[in-house]
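Numbers in this note's numbering are just positions in the sequence shown, counted from 1, shifted up by 35. Working notes, structure below.
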Amino acid sequence: MTHFDYLAVAYSIVISLAAVRLLNGLSVAFAKGRRYWPHALWIVFVFLSSTLVWWNLWSFREIDWNYLSFLLALGVTALLYLQAAALVPDDPALVQSWREHFFAVRARFFVSLGAYFTLVIVVTWLLLGMPLSDPSRLAQGTALGLAVLGAASDNARLHQVLPAVFMGILLTAAMALFIRPDAIAP
């Protein structure tokens, strides 16, 4: 067993916990009469982001691992879990209004989303050697800026647009970078 094989288990467990939490809330969040579509789209976004992060794990197979590199990589998955926990509470059936829930957790969700994009930039730069001038940094920087905007603003119209914009960024990244799991490996 290599360091990568060993450490990938912890990475996969945290991603799985986030995915389970999101899937646990999905049917309740999409329930007729209680649904707030921006919130539901954020759940789908974080779930798809989790799958892409797991898929991209293969890019890390050649790293000379140490405890710091492990913590940095694991931090990406931890931030995905924090996003999932903000979007879907422990007992999602108790949520009366997903709109009210979303605006109650909005700042926490967007702060963890911004931290996630910051850490993705750092991890891919330090661990994978992806230059800060890489074209994908434009999408990551845009997402980071939009996450800051989402955390700062309680404008309902803005929050109807943001999940669609982020889904566009995610789908573009998936097609451009992550079709092969080693697409950004050095």
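The beta carbon of each residue, even a glycine, is placed where N, CA and C say it ideally should be.
Output the distance between the C-alpha atoms of residue i and residue j, rounded to the nearest integer angstrom.
i: serine 188; j: threonine 37; result: 46 angstroms
i: alanine 66; j: leucine 161; result: 43 angstroms
i: methionine 165; j: arginine 69; result: 43 angstroms
i: histidine 136; j: tryptophan 100; result: 40 angstroms
i: serine 147; j: tyrosine 116; result: 9 angstroms
i: serine 104; j: glycine 110; result: 10 angstroms
i: leucine 122; j: leucine 58; result: 11 angstroms
i: tryptophan 133; j: tyrosine 41; result: 39 angstroms
i: leucine 87; j: glutamine 131; result: 31 angstroms
i: proline 221; j: arginine 96; result: A caution first: proline 221 carries a pLDDT of 48, below 50, which makes its placement in the model too unreliable to give a value.
i: valine 155; j: arginine 172; result: 10 angstroms
i: leucine 197; j: aspartate 169; result: 24 angstroms
i: tryptophan 90; j: alanine 43; result: 11 angstroms
i: leucine 92; j: tyrosine 151; result: 15 angstroms
i: glutamine 175; j: alanine 199; result: 16 angstroms
i: tyrosine 46; j: isoleucine 78; result: 20 angstroms
i: glycine 203; j: isoleucine 98; result: 30 angstroms
i: arginine 143; j: threonine 177; result: 19 angstroms
i: asparagine 190; j: aspartate 125; result: 27 angstroms
i: tyrosine 102; j: glycine 149; result: 24 angstroms
Which same chain residues end up closer than 6 angstroms to residue i when comparing Cβ atoms and leaving out the 5 residues on each side of it in sequence?
i: valine 63; result: Pro127, Ala128
i: phenylalanine 201; result: Phe80
i: histidine 194; result: Pro73
i: phenylalanine 145; result: Ala182, Gly185, Ala186
i: glycine 60; result: Val123, Pro127
i: phenylalanine 39; result: Arg96
In terms of residues, what are the limits of the alpha helix (DSSP H) holding residue i?
i: phenylalanine 39; result: 38 to 64
i: serine 94; result: From DSSP, serine 94 is part of no alpha helix (DSSP H); its letter is neither H nor E.
Does the beta-carbon distance from residue i to residue j come in below 8 angstroms?
i: leucine 107; j: valine 183; result: no
i: serine 94; j: leucine 52; result: no
i: leucine 179; j: threonine 153; result: yes
i: alanine 120; j: arginine 56; result: yes
Short of 7 angstroms in beta carbon distance, which residues of its chain neighbour residue i, apart from the five on each side in sequence? Order them along the chain.
i: serine 230; result: The question about residue 230 has no answer here: the residues shown for the chain are numbered 36 through 221.
i: alanine 54; result: Phe82, Ser85
i: alanine 113; result: Val49
i: alanine 209; result: Leu87
Every unbroken alpha helix (DSSP H) inside the segment 116 to 184 [4 residues or more]: 133 to 161
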